[in-house]
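Read left to right, the sequence shown gives residues 665 to 1531 (the working numbering).
Ideal placement from N, C-alpha and C gives every residue a C-beta, glycine not left out.
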Amino acid sequence: MKHLVWILLLVWLAACGRTNPPSVTFNYTLDPTLQPEPASIPDGPQGPRPLAAVADAQGNKATFVLDEVIFSPKNQGELQDFLTRYGGTVLSNNAVPTPPPGSGITLEPKYTTPTEYLVKIDPTKLDVSTFKADAEKAGLGGTFKISSEGGAKLMALVARTLASGQGASANFVGQGDAPGDTVLLQTNEGGSNNAFAWAEFGDTGSKANVVRAWQFVAARGVPRRSRIAILDGGFWLDSAGNSLSADFPTHPLQYDFVDGDYNAGGTSLWTCGGSACPWHGTGAASVALSALNNGTGAAGTGGQVADPILFKTTADLYQVKHAVRAAIGWGADVISMSFGICNVDPWCDFANVAYEVTGFYNAFEDALAAGRVLVASAGNNGKNANAVPCKLDGVICVGALANNSNSAIGYSNFGPFVDIWAPTNIHAVYRDDTNGPLFLTTFGGTSASAPFIAGIAAMMRAYNPALTSDQVKNILQQTGYNNSPDPKVNYYVNAFAAVLQAAGNFLNPDRLEPNNTPAQASTPTPGTTYDLSLHNGADQDVYRVNAPGYSRVNFIFNYPDGLGKLGLGNGLVKESGCGDTELISDKIEANGRNVIVDVPPGNSLLTLSALARLPYHFSFSQVPFSLDPDALEPNETGNTARNVGQGSYSATLHTSSDVDYYSFTATASSSKPFIFNILSTDIPLTVRIFDGGNNEVFEGSTGPDCSSLPVYTFPAGTATYTVKVSASAGEVGKYAFGLGAFSPPIPPLITIFGSLKLWWINPGDPGDRFLKGVKEGFLFERNVDIRNIQLGGEGLHLNLYNLNGNKVAEGQPFSTPGGGPTGERIDLSSLPAGEYALEVLRTGEFADGSVRLPLVPYNLQLGVGGP
């Protein structure tokens, strides 16, 4: 869940008591269209609790109780004064309940004394007269929208309380689903900087796959915030301990173990390889924690999920152990240490002996026992040399890879103690002198590789806070790569795979679930963008689209294709009744897909699937259209009947009074009967056939649900006929028909074509057609005039058989220069003369019987052009 700057400011100010905030500007407006969701919390002990909402300039929204404040008094007198001033009633306090008898838990007395109170406020005691001044005095800068006047009054009370030096916060309400955009396709780190384009986060070279991990986190949501303790020196903070970079919280948790106060800011006295590195801690914190996609600075591996604890030390062992102990007490999930102590083996060996005897390194042991994850840098000496904390059991030791590579960089220490390797030279915010501004640069050494892993560990702990340091290390190794050509590199990190395993490899079901089957199909609204997911590999999302008349439907999908590929099954398919949909275009692009389909009246179904979990955006537009006269018009009477030859044709009954007449010569024999048949129709049809003397020889109907398509087989001989096609009830619609000679299945081919009729085709046949089922079959005689077979169409494949049922050739892909037709071609030049069977086969997914397969238009030409 995205955390608003507003919320963070309130929480940090309440916790830390800012005294000298920098000059800020605060503005707000009332926006009644900004509604809390839901409008209230259902009845509880206090009855319904009305809600309000606040949003920042980026549109991030938070909901809070309209008449409740969390108040942190310094003493009981301050509490009583607050209650009197605002007509308050204490609803609850944060004293820890006494453990139940027999639990064996002894509660420390300090936890039985409340430090915070939930207070219900009398709204009539509130006003906004000093809201702006109080907010600016408290350091609450920014532009905000608030849903109601009551919400503004409550926030004004909080600002007034903070400005007076007391601790207060609105009572924010968590949401079940992460609000906002779950489909993350790029980031904005200021200017034209997109962290997705930075090599250290990508899936090539070092292959750290951080981008995919970020996309997964955005889609899954953040169930809890992790904390990373950065044990370092050189944090860019002002005199009040406020961050001077927007990439970090305004007032991060911090402590200075050098001076013994609560401001960790200022330059470091550390040296790095003998040179000064005054802002080393800022670089390390940026690699692990820089806020992602916030329009400024850099992007940390854990920037979506983690908050910093900044501990300033001189990196002496005493201060480091002291800071580690504090990190346990302050609730750090991960402790990141970009330094090495005591790499002179005899002295470290003495320390290790002392550790075994006296618990010399007990702070690290305590951290591991408390379930904290410890990460440290291997060092930059280019040696098989180890130091504290890397050499301690349970600490995840990180080596550095060369730029965009899976081999070690020359200066990285190496050896069996290195648990995982990660990129270095990471984009980060940094300073190069005391007075200069922060700027975007790269932060290097194993000092960057360690917080790179710490941020990934924070993502893992966000989903599974029970993971220990050893368990995180095991997952990093199990999911990492072990194929480096460099023998020094045992495992190098795959962030996406590690986070996926820690998180259980699923997304949360979206708000339209369950909609896995046609019976459960959701009915989305045209013009609305839905933020949805295929939450696991077995999930399907089925949507029902209703068309009161003919419509062109344009589906737009956006999704991170690094997480999976979106499958559309059989496309948009008519659910029941007459008609089939017609695919107009299907464009697959990076991170998206655009599908345009023409649909007849009635309901159609679209089924989405993916091989893995996949978040996606979904919207569609639906534009009605009227049917135009077809290419065979005018043919409304017997006298204007259109003469047609063998082949298949598409036509329309474009008005309620339209009828269509066709004339043709049928040449039939016992081996090659001649037939007329309706291939498809969107409306119930009646077909009447007349001979040359105008005698009716056939009448057939599709039935009201078009379940029976009329077919007529003409008697042997050659004769002229006329066909009349009309709507059974005067509807307007499309249909397709075919006519021509065919041969019945030849016994060896029955196993291939089943009961399909095999159409006999001659050079130039059959032209434009529609594939209705899974396959279609044709017979032809190969001679010198027939040099190839060419199919133009998508999602189809050609197979060629001899009459013994043996496959003799397959279609090969072809495309026409200049953007012309694409499809498949079979070269016949090497085949002997004789009769052959040609199969046009649908590829991809087939229907499961619940819906019909859509028509696929194609063009098939026999014997034209060279091979």
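Cut-off 6 Å between Cβ atoms - residues of its own chain near residue i, not counting five sequence neighbours on either side
i: Val-969; result: Val-886, Ser-890, Ala-1122, Met-1123, Ala-1126
i: Lys-1152; result: Ala-1072, Phe-1078
i: Phe-690; result: Lys-796, Ala-799, Glu-800, Leu-804, Gly-805
i: Gln-1525; result: Gln-1454
i: Ile-1425; result: Phe-1442, Phe-1444, Leu-1526
i: Asn-1180; result: Gln-1204
i: Gln-1141; result: Tyr-1155
i: Gln-1165; result: Ile-1139, Thr-1143
i: Gln-839; result: For Gln-839, the predicted structure reports a pLDDT of 37, less than 50, and the residue's modelled location is therefore unreliable. A value from the coordinates is still provided. Answer for Gln-839: no residue qualifies.
i: Ser-1273; result: Gln-1204, Gly-1231
i: Asp-1013; result: Bear in mind that a pLDDT of 46 at Asp-1013, under 50, signals an unreliable position, so the model cannot answer this.
i: Cys-680; result: Confidence at Cys-680 is low in this model, with a pLDDT of 30, below 50, so its placement is unreliable and the value that follows should be read with caution. These residues qualify, in order along the chain: His-915.
i: Arg-1306; result: Leu-1296, Asn-1299, Tyr-1326
i: Tyr-750; result: Ile-785, Lys-789
i: Thr-807; result: Asn-691, Ala-721
i: Val-998; result: Ile-892, Val-1037, Ala-1118, Ala-1121, Ala-1122
Proximity below 8 Å, CB of residue i to CB of residue j
i: Leu-1171; j: Ser-1197; result: yes
i: Arg-1446; j: Leu-1413; result: no
i: Asn-1255; j: Pro-1224; result: yes
i: Ala-1315; j: Asp-1294; result: yes
i: Ala-952; j: Thr-965; result: yes
i: Ser-856; j: Leu-698; result: no
i: Asn-835; j: Leu-782; result: yes
i: Leu-1349; j: Ala-1391; result: yes
i: Ala-1051; j: Gly-1043; result: yes
i: Gln-1310; j: Ala-1405; result: yes
i: Asn-1267; j: Glu-1246; result: no
i: Ala-955; j: Asp-911; result: yes
i: Ser-1283; j: Tyr-1194; result: yes
i: Asp-791; j: Ala-820; result: yes
i: Val-1263; j: Leu-1291; result: no
i: Ala-991; j: Ile-1005; result: no
i: Pro-913; j: Asp-971; result: yes
Proximal residues to residue i (C-beta, below 8 Å), its chain only, five neighbours per side dropped
i: Glu-1300; result: Asp-1322, Val-1323, Asp-1324, Tyr-1325
i: Tyr-1522; result: Asp-1432, Arg-1433, Phe-1434, Leu-1435, Leu-1455, Gly-1456, Gly-1457, Leu-1460, Gly-1487, Val-1504
i: Pro-1178; result: Gln-1184
i: Asn-1341; result: Leu-1373, Pro-1374, Val-1375, Tyr-1376, Phe-1401, Gly-1402, Leu-1403
i: Asn-1158; result: Lys-871, Ala-872, Asn-873, Thr-1143, Gly-1144, Tyr-1145
i: Thr-1192; result: Ser-1283
Nonlocal neighbours in the same chain, by C-beta distance under 7 Å from residue i, ignoring five residues either side
i: His-1461; result: Gly-1475, Glu-1488, Leu-1505, Thr-1507
i: Glu-1355; result: According to the sequence shown, residue 1355 is Asp rather than Glu. Only Val-1361, Ala-1383, Tyr-1385 meet the Cβ criterion.
i: Arg-888; result: Ala-1126, Pro-1129
i: Pro-1379; result: Ala-1332
i: Pro-709; result: In this prediction, Pro-709 has a pLDDT of 44, which is less than 50 and means its spatial position is unreliable; what the coordinates show is noted afterwards. So the list is empty, once near-sequence residues are dropped.
i: Phe-1160; result: Asn-873, Arg-876, Ala-877, Phe-880
DSSP bridge partner residues for residue i (one or two, in chain order)
i: Glu-1476; result: In the sequence under discussion, the amino acid at residue 1476 is Gln, which differs from the Glu named in the question. In the DSSP output, where bridge partners are listed per residue, Gln-1476 has Arg-1489.
i: Ser-1334; result: Bridge partners of Ser-1334: none, in fact.
i: Gln-983; result: None; Gln-983 has no bridge partner.
i: Thr-1105; result: Ala-1092
i: Arg-1352; result: Glu-1363, Lys-1388
i: Glu-732; result: Lys-784
i: Arg-1208; result: Leu-1269
i: Tyr-692; result: Phe-808
i: Leu-1455; result: Glu-1488, Leu-1524
i: Arg-1433; result: Tyr-1522
i: Pro-1413; result: It is Leu, not Pro, that sits at residue 1413 in the sequence shown. According to DSSP, Leu-1413 bridges with nothing at all.
i: Tyr-1399; result: Ala-1315, Thr-1345
Min CB distance residue i to chain B below 8 Å
i: Ala-955; result: The structure shown contains no chain B; it is built from a single protein chain.
### Message
For a minimum of 3 consecutive residues, which ranges assigned as the beta strand (DSSP E) are wholly contained in the region 906–931?
### Response
If we require 3 residues or more, the beta strand (DSSP E) runs fully inside the region 906–931 come out as 917–920.
### Query
Counting pairs of Cβ atoms below 8 Å between the region 1321–1336 and the region 1367–1385, do you hit three or more?
With a cut-off of 8 Å on Cβ pairs, the region 1321–1336 is in contact with the region 1367–1385, counting three or more such pairs.
### Query
What are the complete alpha helix (DSSP H) segments, minimum 4 residues, inside the region 767–825?
Counting whole runs of 4 or more residues, the region 767–825 contains the alpha helix (DSSP H) stretches 795–801.
### Query
Which parts of the region 1010–1092 are runs of the alpha helix (DSSP H), unbroken and 4 residues or longer, counting only runs that do not cross its ends?
With a minimum length of 4 residues, the unbroken runs of alpha helix (DSSP H) contained wholly in the region 1010–1092 fall at 1026–1033.
### Message
Counting beta carbon pairs with one atom in the region 1272–1288 and one in the region 1226–1233, are three or more of them shorter than 8 Å?
### Response
Taking one beta carbon from each stretch, the region 1226–1233 and the region 1272–1288 have 3 or more pairs nearer than 8 Å; the two touch.
### Query
Is it true that the region 1025–1042 meets the region 1112–1122, where meeting means three or more beta-carbon pairs spaced less than 8 Å apart?
Flag = yes, the region 1025–1042 and the region 1112–1122 touch.
### Task
Spell out a yes or no on whether the region 1104–1112 and the region 1082–1093 are touching, meaning 3 or more CB-CB pairs, one atom from each, closer than 8 Å.
At 8 Å Cβ cutoff, the stretches touch.
### Task
Entirely within the region 1281–1343 and at least 3 residues each: give me those beta strand (DSSP E) ranges in chain order.
Secondary structure remark: continuous beta strand (DSSP E) runs of at least 3 residues inside the region 1281–1343, in chain order: 1311–1317, 1323–1332.
### Task
May I have a chain-ordered list of the beta strand (DSSP E) segments no shorter than 3 residues that lie completely inside the region 1194–1248?
1194–1198, 1205–1211, 1215–1222, all fully within the region 1194–1248.
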